[in-house]
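Asker:
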Amino acid sequence: MAQEGLGRLFDISSGIVPVDSQTAAMTGHRVSLRNAGGVTIVVFKAAGTANDDPVLDLQQHTASSGGTSADLDIIDHYYIKQEATLDGDETWTRVTQTAASEVTLNSTSAETQMIVVIEVDARSLSDGYDYISLDIADTGAAGAQLISSLYLLRDLAVQRTPANLVAPLS
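Here it is as structure tokens:
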């Protein structure tokens, strides 16, 4: 029997459950990197209305709720798959930028379906910060645009069966 990846290679936690991004800014759930070497953040979005391009913002935190929050200015590249209709024939495009906590998706991102991947190494958090979150700004009222995010915790410090994994907020 083949070994499963969940619990051995990675764990999954919600960042933002699917929501219409025109309703308000979205505050991402926090996840701890204490028990992981890093996190792969996956943003998945539907097509929306032109010029309602999503803006993502990576934050670091000292606590699971409350505490001190700060921009995590480390995103110097990210990856996208983008088409009018995602159907599995897309290839990844690497997008580079000056290191920042914000990612402003390209000028046609609102009108297309898209997968965005951002890698965060746990060692990049400032001293005293153990948690991250990804926030998404309100895209405006021009039209509906469903969006969500998942955190894929990787390089787990302790590998367990999925039922015995430590909760990602711990």
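In our numbering, each number is its position in the sequence shown, counted from 1, plus 5.
All C-beta atoms in this analysis are idealised placements derived from N, C-alpha and C, irrespective of residue type, glycine included.
All of these numbers come straight from a predicted model, not from anything done at the bench.
#1: Once you ignore the five residues that flank leucine 160 on each side, which residues in its own chain have a CB closer than 7 angstroms to its CB?
#2: Secondary structure at serine 129, three-state DSSP: helix, strand or coil?
#3: Going by DSSP in three states, proline 23 sits in which element: helix, strand or coil?
#4: Just the C-alpha distance for threonine 144 and alanine 30, rounded to the nearest angstrom, thanks.
#5: Can you name, in chain order, every residue of its own chain whose Cβ lies under 6 angstroms from the Cβ of threonine 28, other than the five neighbours on each side?
#6: So isoleucine 46 packs on valine 108, CB below 8 angstroms; how close in whole Å?
#7: From serine 106 to leucine 61, what distance separates their C-alpha atoms?
#8: For glycine 53 versus glutamine 150, is the C-beta distance shorter than 8 angstroms?
Answerer: Put simply:
#1: Position 155 of the sequence shown, counted from the start, is the residue given in the question as residue 160. As written in the sequence, residue 160 is aspartate, which differs from the leucine given in the question. Closer than 7 angstroms at Cβ, skipping near neighbours: Ala41, Gly42 and Gly43.
#2: Translated into the one-based positions of the sequence shown, residue 129 becomes position 124. Correct three-state label for serine 129: helix.
#3: Translated into the one-based positions of the sequence shown, residue 23 becomes position 18. Here DSSP, grouped into helix, strand and coil, assigns proline 23 to strand.
#4: Numbered from its first residue, the sequence shown carries residue 144 at position 139. Numbered from its first residue, the sequence shown carries residue 30 at position 25. One C-alpha to the other measures close to 8 angstroms.
#5: In the sequence shown, counting from the first residue as 1, residue 28 sits at position 23. Taken in chain order, the list of residues that qualify is empty.
#6: Working through the sequence shown from its first residue, we reach residue 46 at position 41. Working through the sequence shown from its first residue, we reach residue 108 at position 103. Contact flag wrong, Cβ pair sits at about 10 angstroms.
#7: For the purposes of this step, residue 106 is taken as the residue at position 101 of the sequence shown. For the purposes of this step, residue 61 is taken as the residue at position 56 of the sequence shown. About 8 angstroms.
#8: Stepping through the sequence shown from its first residue, residue 53 is reached at position 48. Stepping through the sequence shown from its first residue, residue 150 is reached at position 145. With respect to the 8 angstroms criterion, glycine 53 and glutamine 150 are classified as neighbours on the basis of their beta carbons.
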